[in-house]
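Below is one structure, written out as structure tokens, with a few remarks after it.
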Amino acid sequence: MKRKKKLLTFPSIIVLTVFAILPLIIMLVYSFQSDSGAVGATLENYTNFFLKSVYLKLTYRTIINSLAVTIISLIISYPLAYFMAKKFKGLKNIVMILILIPFFTNQLVRVYSWLIFLQDGGVLNSFLQSVGVVEGSLGILFTQGAVVIGLVHAFFPYMVITIYLALERVDNAVLEASSSLGASKIRTFFQVVLPLSMPGVVTGIMIVFVPCLGTFVEPRILGGVNGTVIGTVIEDQFFEIYGWNFGAAIAFVLFAMVIISMAGLSRIGRRYDNE
Amino acid sequence: MRKYFADHLIPTLYALIALAFLYTPIIVLMVMGFNESRYNTLPFSFSLKWYSALAQNEVLIHAAVNSFILALITALICVVLATMFVLGMKTLSRSMEGLFRSLIMMPMSIPWLILALSMLLLIRFIDMDKNMFFVVAGHVVISLPYAMLSLQARIQALDPALEEMSASLGASSLNTFRRITMPALAPAIVAGGFLAFMISFDNFAISYFLIPAGTSTLPIEIQSSIKFGFTPEINAISTVIIGVSLLCLAIVGLIMGSSIENMIGGKKK
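Chain order of the listed sequences is A and B.
Under this note's numbering, think of the first position of the first sequence as 1, with each following residue one higher.
Under this note's numbering, think of the first position of the second sequence as 1001, with each following residue one higher.
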């Protein structure tokens, strides 16, 4: 009976092995093949990547963009989550539902909505013109700034949720104890609340930073020619240039960046969990 | 007075600003779908012409139907796989269970771009043409973690004593499953299926890389219209999608009540 039940877990594992693990291994193999048709393993794709300043610059830009998105999301999310967990009472659930609803709208649709909102001559432009802040065209769309705005919009709600869940678990009695022992509100926050909510913050950073590294649709749509990042380079290798092996190598570099940041972040997260 | 500021006014204002940031572009998009202007620009003059254009746009409608069928198949497969997994999970050793679970959750933390093109390379490696089988497989891989999250939270909350009781009262294991376990899991199955459906329905990256030529899904059509000169028909169909999603969300929310909450709070245990 127990053996039979164990078998129930196998279909999922087989699906994951065949359609996720195996493809990643094949991708690794391809990344050591030459696009020029030469036979045998070669490091040429990787040396190409790391020796050309274009690609290093794009890697740098991808990381900086993702960091910017993460930091801005954190600035928006932490206070909001804090207010929801500690200040709002009945309002809390309504705000939570309002934050969750956009998850159920298509991601491309949301990107598109920023496109029409930010475009020159678009709604924001007309509004700012009529108020007199801006003369002429806005010039935000097709810049890195537009990409960052779109990505923050797409990802910050996840962070609100993870931080909120962490703050919700912080017992109010602990806060009262801290203040009755004479700590100021600010001191209570930095020495009690913030450390206790760190696991949620770290999960939030993970949930925003890591997917940002791999985006290619948003940079393309909102950034135009200025939006090139690693993701768009990989896409081009597969759809425009047909340098599949080189594309596989870049994808593996991206994969390595993802693994490293995940490992680093979960290490930090574990430190706070132990306390 | 100061307390009022710190406890009510500032938090409320802050939440309003954050929500405005979240909703403004979406609302602009919806409103512009009812605007005469082809370029989504002001001034506003009410018109339903983009909706009537949409009704005649067979490419978009066909793509939407494709997306719907794909998402439905994906959700069904995910729900079956996830239910089987959580039922068998308890018989695994602890380390095995941890390993299997992180394997299933893995696609949540790898950019879909990487998963999509590694599957594309798999197809090339075995020398096959792109076909719908791999599209479904890719969608299942990325949607399964979400279905699993929902079911895991539920099964952990389920009291094992119930099943034991049923067995000791003489019910066969099939009967116990049918009368006890299944009804207890049902809300989580609905929620998990719904999540998997949404993930698949929205997915662009996997479909984009794996779909055979001549077929398309709604996100692919939306992307190509954005790329090659968009029209407010996209606004119209987006508004329809948002409306339908909210309706589904409300229905699922009503059926499920607290179990979505359980799921979000489920990590606590």
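Positions of the beta carbon are idealized from the N, C-alpha and C atoms, including for glycine.
These numbers were taken from a predicted model, which means no experiment stands behind them.
| message | By the DSSP assignment, the alpha helix (DSSP H) with A:Ser53 in it spans what residues? | response | Run containing A:Ser53: Ser53 to Lys86, per the alpha helix (DSSP H) assignment.
| query | Alpha carbon to alpha carbon, what distance is there between A:Glu240 and B:Lys1267? | reply | For B:Lys1267, the pLDDT reaches just 39, beneath the cut-off of 50, and the residue's location in the model is therefore unreliable, although a value from the coordinates is still provided. Note on geometry: alpha-carbon atoms of B:Lys1267 and A:Glu240 lie some 43 Å from one another.
| request: Quick one: list the residues of chain A neighbouring B:Phe1005, beta-carbon separation under 8 Å, in chain order. | output: For B:Phe1005, no chain A residue has a C-beta closer than 8 Å to its own C-beta; the minimum C-beta separation is roughly 12 Å.
| query | How big is the Cα-Cα spacing for B:Gly1265 and B:Ile1126? | reply | Residue placement at B:Gly1265 is flagged as unreliable, the pLDDT there being 46, under the threshold of 50; the coordinate-derived value follows with that caveat. Going by the C-alpha atoms only, they are around 43 Å apart.
| said: So, for A:Pro157: in the same chain, excluding its five sequence neighbours on each side, which residues have a beta-carbon less than 6 Å away from its beta-carbon? | reply: Within the same chain, A:Pro157 has close Cβ partners Ile99.
| query | What does B:Phe1046 pair with, by DSSP beta-bridge criteria? | reply | Looking at the DSSP assignment, B:Phe1046 forms a beta bridge with B:Asn1035.
| request: Out of A:Phe88, A:Gln191, A:Gln237 and A:Ala166, point me to the one whose CA is closest to B:Tyr1004's CA. | output: Considering only alpha carbons, the answer is A:Phe88.
| query | Does A:Ile205 come within less than 9 Å of chain B when only Cβ atoms are used? | reply | False, the Cβ-Cβ gap to chain B never drops below 9 Å.
| field | Burial state of A:Val133 (16 or more Cβ within 10 Å) | value | By the neighbour-count rule (16 or more Cβ atoms within 10 Å), A:Val133 is not buried but exposed.
| said: Quick check on the burial criterion: 16 or more other C-beta atoms within 10 angstroms. Buried or exposed for B:Lys1269? | reply: For B:Lys1269, the pLDDT reaches just 33, beneath the cut-off of 50, and the residue's location in the model is therefore unreliable, although a value from the coordinates is still provided. Counting C-beta atoms within 10 angstroms of its own C-beta, B:Lys1269 has fewer than 16 neighbours from the protein chains shown and is therefore classed as exposed.
| said: Short of 9 Å Cβ to Cβ, which residues in the stretch 1197 to 1213 of chain B face chain A? | reply: The stretch 1197 to 1213 of chain B vs chain A, Cβ under 9 Å: Met1198, Phe1201, Asp1202, Asn1203, Phe1204, Ala1205, Tyr1208 and Phe1209.
| message | Going by DSSP in three states, B:Ile1264 sits in which element: helix, strand or coil? | response | A caution first: B:Ile1264 carries a pLDDT of 49, below 50, which makes its placement in the model too unreliable to give a value.
| task | Kindly indicate if chain B contains any beta-carbon less than 9 Å away from that of A:Ser176. | result | This sequence places Glu at residue 176 of chain A; Ser is not what is there. For A:Glu176, the answer is no, since every Cβ of chain B falls outside 9 Å of its Cβ.
| task | Give every residue of the same chain whose Cβ lies closer than 7 Å to the Cβ of A:Leu265, excluding the five residues on either side of it in the sequence, and list them in chain order. | result | Excluding positions up to five away in sequence, the list reads Val202, Ile205 and Met206.
| said: Using a Cβ-Cβ cutoff of less than 7 Å, which residues in the same chain neighbour B:Ile1142 once the five nearest sequence positions on both sides are dropped? | reply: Hits under 7 Å: Pro1107, Trp1112, Leu1115, Ile1199, Asn1203 and Ile1206.
| query | Where does B:Ser1013 land, buried or exposed, given buried means 16+ other C-beta within 10 angstroms? | reply | The sequence as given places Leu at residue 1013 of chain B; Ser does not occur at that position. B:Leu1013 counts as exposed, since fewer than 16 other C-beta atoms from the protein chains shown sit within 10 angstroms of its C-beta.
| request: Just the C-alpha distance for B:Gln1056 and B:His1062, rounded to the nearest angstrom, thanks. | output: Cα to Cα, B:Gln1056 sits roughly 11 Å from B:His1062.
| task | Have a look at B:Asn1066, B:Arg1101 and B:Gly1214 and flag the residue whose alpha-carbon is nearest the alpha-carbon of B:Ala1153. | result | Checked all of B:Asn1066, B:Arg1101 and B:Gly1214; the closest Cα to B:Ala1153 is B:Arg1101.
| query | Looking at the C-beta of B:Tyr1051, does it have a partner C-beta in chain A at a distance below 9 Å? | reply | Chain A, which has no Cβ nearer than 9 Å to the Cβ of B:Tyr1051, makes this no.
| field | C-beta neighbour in chain B for A:Val193, strict 9 Å | value | With 9 Å as the cut-off, A:Val193 does not count as an interface residue toward chain B.
| field | Where A:Val134 falls: helix, strand or coil (DSSP) | value | Under the three-state reduction of DSSP, A:Val134 is assigned to coil, being neither helix nor strand.
| Under 9 Å between the Cβ atoms of A:Ser53 and A:Asn45? | Taking 9 Å as the Cβ cut-off, A:Ser53 and A:Asn45 do not qualify as a contacting pair.
| message | Please tell me whether B:Lys1130 has its Cβ less than 9 Å away from any Cβ of chain A. | response | Against chain A, the CB of B:Lys1130 has no partner CB under 9 Å away; the residue lies outside that interface.
| message | Please report the distance separating the alpha-carbon of B:Lys1130 from that of A:Leu141. | response | Taking the straight line from one Cα to the other gives about 35 Å.
| Any chance the stretch 237 to 255 of chain A sits against the stretch 1224 to 1237 of chain B, with 3 or more Cβ pairs inside 8 Å? | In short, these stretches do not touch, since the Cβ pair count stays below three.
| Which chain B residues sit within Cβ distance under 7 Å of A:Ile268? | Residues of chain B passing the Cβ test: none, with the nearest at roughly 16 Å.
| said: Measuring only the C-alpha atoms, how far is B:Phe1272 from B:Phe1201? | reply: Since the displayed chain B opens at 1001 and closes at 1269, residue 1272 of chain B lies outside it and no answer follows.
| field | Range of the contiguous alpha helix (DSSP H) that encloses B:Lys1090 | value | Looking at the DSSP string, B:Lys1090 is not in any alpha helix (DSSP H), and its letter there is neither H nor E.
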